[in-house]
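Protein sequence lines correspond, in order, to chains A and B. Positions in the first sequence are counted from 1; adding 698 to them yields this note's numbering. Positions in the second sequence are counted from 1; adding 698 to them yields this note's numbering. Glycine included, C-beta positions come from ideal geometry on N, C-alpha and C. Bear in mind that the values here come from a model prediction, so they are computed numbers and not experimental data.
2 protein chains.
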Amino acid sequence: MRAVIPYKKSGAKSRLSPVLSLEEREEFVELMLNQVIDSLKEAGIEKIDVLSPSAYGLEGMTKARVLLDEKDLNEALNRYLEEAEEPVLIVMADLPLLSPDHIKGITSTKKDICIVPGKGGGTNALFIKNPSRYRVKYYGSSFLTHCSIATDSGQNYEIYDSFLAGTDIDEPEDLVELLVHGKGTAKDYINRKFKLEVSRGRVGLVPL
Amino acid sequence: MRAVIPYKKSGAKSRLSPVLSLEEREEFVELMLNQVIDSLKEAGIEKIDVLSPSAYGLEGMTKARVLLDEKDLNEALNRYLEEAEEPVLIVMADLPLLSPDHIKGITSTKKDICIVPGKGGGTNALFIKNPSRYRVKYYGSSFLTHCSIATDSGQNYEIYDSFLAGTDIDEPEDLVELLVHGKGTAKDYINRKFKLEVSRGRVGLVPL
Numbered sequence: 699m700r701a702v703i704p705y706k707k708s709g710a711k712s713r714l715s716p717v718l719s720l721e722e723r724e725e726f727v728e729l730m731l732n733q734v735i736d737s738l739k740e741a742g743i744e745k746i747d748v749l750s751p752s753a754y755g756l757e758g759m760t761k762a763r764v765l766l767d768e769k770d771l772n773e774a775l776n777r778y779l780e781e782a783e784e785p786v787l788i789v790m791a792d793l794p795l796l797s798p799d800h801i802k803g804i805t806s807t808k809k810d811i812c813i814v815p816g817k818g819g820g821t822n823a824l825f826i827k828n829p830s831r832y833r834v835k836y837y838g839s840s841f842l843t844h845c846s847i848a849t850d851s852g853q854n855y856e857i858y859d860s861f862l863a864g865t866d867i868d869e870p871e872d873l874v875e876l877l878v879h880g881k882g883t884a885k886d887y888i889n890r891k892f893k894l895e896v897s898r899g900r901v902g903l904v905p906l
Numbered sequence: 699m700r701a702v703i704p705y706k707k708s709g710a711k712s713r714l715s716p717v718l719s720l721e722e723r724e725e726f727v728e729l730m731l732n733q734v735i736d737s738l739k740e741a742g743i744e745k746i747d748v749l750s751p752s753a754y755g756l757e758g759m760t761k762a763r764v765l766l767d768e769k770d771l772n773e774a775l776n777r778y779l780e781e782a783e784e785p786v787l788i789v790m791a792d793l794p795l796l797s798p799d800h801i802k803g804i805t806s807t808k809k810d811i812c813i814v815p816g817k818g819g820g821t822n823a824l825f826i827k828n829p830s831r832y833r834v835k836y837y838g839s840s841f842l843t844h845c846s847i848a849t850d851s852g853q854n855y856e857i858y859d860s861f862l863a864g865t866d867i868d869e870p871e872d873l874v875e876l877l878v879h880g881k882g883t884a885k886d887y888i889n890r891k892f893k894l895e896v897s898r899g900r901v902g903l904v905p906l
């Protein structure tokens, strides 16, 4: 089994720009990436690749292999799947609430594919036992698309139902989940900049 | 064991007012309430109370007992807990993705308390084995509060980690989750009014 994490530091997380500067966003995604790598390692996954269109920010990466591919995310991942000769776990880099236990649960599925839905129709992780038989299609409603691709290719799938693994950090409101449910360096980083604002609706953020 | 569902139809779900009229919101919450009751029954829970400050919209309720209490949500629920002589599952009425399997999982916890986090720091469901020893405090960051109340009263707790049970329907973006992951009459209702709008970020809604 191997894991691959698509990653791009340059100009990362533009939807967080209302609350974090470019420099802060780039620091923050690096912290999240490192947390995801640490969780994978702690779950016992030894072969970890970071797939990026650019070496920017990955010059000092020693915890994982760096693969550069300038192609679009889907093309790069599908090339990766074609060449993989063992089960592949694709995991997004913006999942600081993903724990080693989640990773063990996802990769121990009895089905051909395990799909972890993200917020807003997305796919946060995808475990594929036979990568040569599967192709990904991220963007848009990728969760439904990934379910269909499994079915259309005659493979069965499990939906991994987790609030924490399902929380990808893209919008300012997602930082609330990190503060409420998170731990580690990514949470600490946000915790130094914001506090929770308690109201009668959902909790919000205010700058410190 | 008994279940209690706090409910208020009148003027419900004001945060959905950008996309649904008052009349639509009131119809929609009634559909969600009925789905939650059906899931509880299917999970084998026979004693179900709907706790409401008003009889409005509950005149024809035959599937559950209706309890009227004009007090604030927390006061009404705490009075309910004080008087309960058996384990209590408090479940919110806006959880159309909550399944009978989730309910069985939550109520089979080995801990004293099982807490189901909702989006934005909320609490979507709370299973309390010894209700006379617990008090609720909804609003604000109630998830963290409910964890503390358990600890402070010497009771241990499980956090039930579910994307689906964790999706309470309060904001327009939550309707996207209902369309992507839901089924049943509440989904059908939203499906007749909106379609998913696919972009490179999270999926959005557009009116039909």
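Length of the line joining the Cα atoms of residue i and residue j
i	j	result
A:S897	B:L796	25 Å
B:I703	B:G902	29 Å
B:I746	A:A848	39 Å
B:L771	A:K891	33 Å
A:G852	A:S830	13 Å
A:K707	A:E721	10 Å
B:S860	B:G816	9 Å
A:S737	B:L765	47 Å
A:S752	A:L787	21 Å
B:V727	A:K827	41 Å
B:A762	B:E744	9 Å
A:D792	A:I888	14 Å
B:L731	B:I801	15 Å
B:K739	B:D799	11 Å
A:S719	A:E725	10 Å
B:K881	A:E757	47 Å
B:A774	B:R833	11 Å
B:Y705	B:K885	19 Å
A:D767	A:E780	14 Å
B:D810	A:M759	44 Å
B:S715	B:E869	9 Å
A:Y858	B:V717	30 Å
B:T843	A:N776	45 Å
A:D872	B:L729	28 Å
A:G742	B:G755	54 Å
B:S677	A:K769	Here chain B comprises residues numbered 699 to 906, so residue 677 of chain B is not present and cannot be evaluated.
Boundaries of the beta strand (DSSP E) in which residue i is found, first to last residue
i	result
A:N822	T821 to I826
B:R763	R763 to L766
Paired residues, beta bridge with residue i - DSSP
i	result
B:L903	B:L894
B:A701	B:I746 and B:L787
A:P815	A:T821
Element boundaries [alpha helix (DSSP H), containing residue i]
i	result
A:I801	P798 to T805
B:I857	Taken as a continuous stretch (DSSP letters only), B:I857 belongs to no alpha helix (DSSP H), being part of the beta strand (DSSP E) at Y855 to I857.
B:P870	P870 to H879
A:L862	Looking at the DSSP string, A:L862 is not in any alpha helix (DSSP H), and its letter there is neither H nor E.
A:Y887	T883 to N889
B:S846	S840 to D850
A:Y778	L771 to E781
Any non-hydrogen atom of the ligand COA within 8 Å of residue i CB
i	result
B:S830	No copy of the ligand COA occurs in the structure displayed, which carries no ligand at all.
Cβ-Cβ separation, residue j to residue i (assumed contact under 8 Å), whole Å
i	j	result
A:Q733	A:T865	So it is not a contact: roughly 13 Å between Cβ atoms.
A:Y855	A:I813	6 Å
A:K661	A:R723	This structure does not reach residue 661 of chain A, given that chain A is present from 699 up to 906, and the question cannot be answered.
A:K893	A:L876	About 13 Å separates the two Cβ atoms, so there is no contact after all.
A:Y778	A:L749	6 Å
B:G819	A:V874	6 Å
A:T821	A:S840	4 Å
B:I735	B:P794	12 Å between Cβ atoms; not a contact.
Any beta strand (DSSP E) of 3 or more consecutive residues that is wholly inside the stretch 713-761 of chain B: 746-750
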